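Everything below concerns the one structure shown next.
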Amino acid sequence: MSKTFSIHTLGCKLNFSESSEIARRLQERGFALSEQPETIIVNSCAVTATAEKKVRNLTSHLHKLSPDAQIVVLGCYAALRSEEILRWPGVAATFGNEDKMNVVPFLCGEPLSTNLRFSAAFSSNDRTRSFLKIQDGCDYHCTYCTVWKARGESRSDSIPNVLEQIDRIVGMGIKEVNLTGVNLGDFGRKDGSSFYELLRAIEERHYPLRFRISSIEPNLLTDEIIALAAQSKVIMPHFHIPLQSACNRVLGEMHRRYTRELYAEKVHRIRQMIPDACIAMDIIAGFPGETDAEFADGLQFLEDLDISYCHVFTYSKRPGTPAAAMPQQVPPPVKRERTNQLLELSERKKIAFYRQHIGEKRPVLIESEKKGNLMFGFTDNYIKLQIPYDISKENSIQIIEIQEDNLSYK
Ligand code: SF4
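In case it helps, my numbering puts the sequence shown at residues -3 to 406.
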């Protein structure tokens, strides 16, 4: 039985939390992390063509470094194309997402679990912050997306179980928890519960932690969630809301479940109740059929929207998705140009948001990463600051006045 392992993670925060959970469980069973491992675990991503290429390159590189190690590939790429992966040199097994945790009994020579409903996971490789997976899978079937195929149906952890995981995180001295899921706002729907109820339960516990809500669909970000965050001391004033297109016709083609007007209403509601909040957006450039006029109109809509910055994605065809088969694919140079315009808009929004808070004193969670003589941290409303390195401040919350020269835009 292989007793040493290494684990390599690509993709989303869910993958990072699951890799961390797998590493903890293997170590509890006597396995040790090693740079010359007998087993190499690759937790893969397939969200874009580039992500898949990274998985292929990484796996081949790791095989060259340790030609005798057995490789086990997990995650979205494995869920979508297991047969292809099993032909790669060195690969002994694959596990998709629903049975990902079975890599542990597989390596221990134990029977594999057949109870695949939901496996809890949180990351703990960073002393400051943990990504806690509370929901998995998605029932939305957006036309450009493969994640719902790779991650399966929407399912959630129970509220008591989430609270138990949080207790474990508190015990590890971690200071911030990022509540994470594939479609987070769908938490609890099938169990007669809701994301709001979970937040209420967290609020009532008075944890010595900061909580952030990771990406949440605009149609699932309810006014009661915003109101709860507005009066909470533990839920940070920080929202990440995907828009994906600022054109209603394109949103329809994407099978998204809202209009841009609903999105603007949510932004407006947050600004009314939590004026200082950071509002981040996801947007895709160059979805099939998006015309120059639609893009220009959408860009103007975004200019007028009071958001803090955008995560910009260039549309890439995902095999087997309805969008990949749509006529009128946007030519790559046009996609690139639109991506650049969105990036430029995001940069301006971010600088404006950061500068708007100069002169304010805010709580900053200082991270342990050191770059030169500097260390970094985020304010409650997700402004990144840099301060001179001081080991005694690692993983502590400091009240710092935001100034032009301590802002970190990277
Ligand atoms: S909401 Fe849409 S984009 Fe997000 S995971 Fe579900 S199907 Fe994919």
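Even glycine gets a Cβ: it sits at the ideal position worked out from N, Cα and C. What you are looking at is a predicted structure, and each value in this text was computed from that prediction instead of being measured.
Setting aside the 5 residues that flank it on each side, L298 is surrounded in the same chain by A242, L341, each with a C-beta closer than 7 Å to its C-beta; the list follows chain order. The beta carbon of A75 lies closer than 6 Å to those of G92, N93, A146 in the same chain, with the five residues before and after it left out. Comparing alpha carbon positions, the residue from E79, A19, D288, A88 closest to P63 is A88. For the 9 Å CB-CB criterion, Y192 and Y311 do not form a contact.
A Cβ-Cβ distance of about 16 Å is found for the pair I387 and V360, leaving them out of contact under the 8 Å criterion. Taking 9 Å as the cut-off, the beta carbon of L175 is found closer than this to the beta carbon of F207.
Using a Cβ-Cβ distance cut-off of 8 Å, the region 330 to 337 and the region 362 to 377 are not in contact, since fewer than three pairs of beta carbons, one from each stretch, lie closer than that value. The nearest non-hydrogen atom of ligand 1 is less than 8 Å from the C-beta of Y136. The beta carbon of E363 lies closer than 6 Å to those of T124, F372, G373 in the same chain, with the five residues before and after it left out. For the options A45, R314, K9, V51, the alpha carbon positioned closest to that of I37 is the one of V51. Of the residues L239, S190, R164, the one whose Cα lies closest to the Cα of Q131 is S190. Between S150 and C134, the CB-CB gap stays under 9 Å.
Around the beta carbon of M168, fewer than 16 other beta carbons lie within 10 angstroms, which makes this residue exposed.
If you keep only unbroken beta strand (DSSP E) runs of at least 3 residues inside the region 109 to 150, you get 125 to 129. Note on geometry: alpha-carbon atoms of E34 and T55 lie some 14 Å from one another.
By the neighbour-count definition (other C-beta atoms within 10 Å, threshold 16), H57 is an exposed residue. Ranked by Cα distance from G248, the first of R267, P284, Q268, S78 is P284. If you check the C-beta of P238 against ligand 1, you find a heavy atom less than 8 Å away.
In this structure, the C-beta of Y140 approaches ligand 1 to less than 8 Å from one of its heavy atoms. Scanning its chain for C-beta atoms nearer than 8 Å, with the 5 sequence neighbours on each side dropped, one finds around R253 the residues Y136, E213, N215, in chain order. Distances taken from the Cβ of N179 to the heavy atoms of ligand 1 include one shorter than 8 Å.
Comparing C-alpha distances from R201 to each of K229, G177, F183, Q240 shows the shortest one belongs to K229. Given a length threshold of 4 residues, each whole run of the alpha helix (DSSP H) inside the region 212 to 299 is given here in chain order: 219 to 227, 244 to 250, 256 to 269.
Membership of A89 in the beta strand (DSSP E) is indicated by the continuous run 87 to 91.
Assignment of P384 by DSSP, reduced to helix, strand and coil, places it in the strand class. In this structure the region 276 to 283 touches the region 318 to 332; the number of beta carbon pairs closer than 8 Å is three or more. Partner residues in the beta bridge of Y305, as assigned by DSSP, are A276. The Cβ atoms of Y350 and I398 lie closer than 9 Å to each other.
Here DSSP, grouped into helix, strand and coil, assigns L29 to strand. Excluding its 5 nearest sequence neighbours in each direction, Q337 has C-beta neighbours in its own chain below 7 Å: L295, listed in chain order.
Remark: the shortest separation between the CB of V308 and any heavy atom of ligand 1 does not fall under 8 Å. When the beta-carbon positions are compared, S154 and E17 stay at least 9 Å from each other. Collapsing the DSSP output to three states places M371 in a strand.
The residues I398, Q399, E400, in chain order, have a CB closer than 7 Å to that of I354 in the same chain once the five nearest residues on each side in sequence are set aside. Taking C-alpha positions only, M97 is separated from W144 by approximately 18 Å. A heavy atom of ligand 1 is found nearer than 8 Å to the CB of R252.
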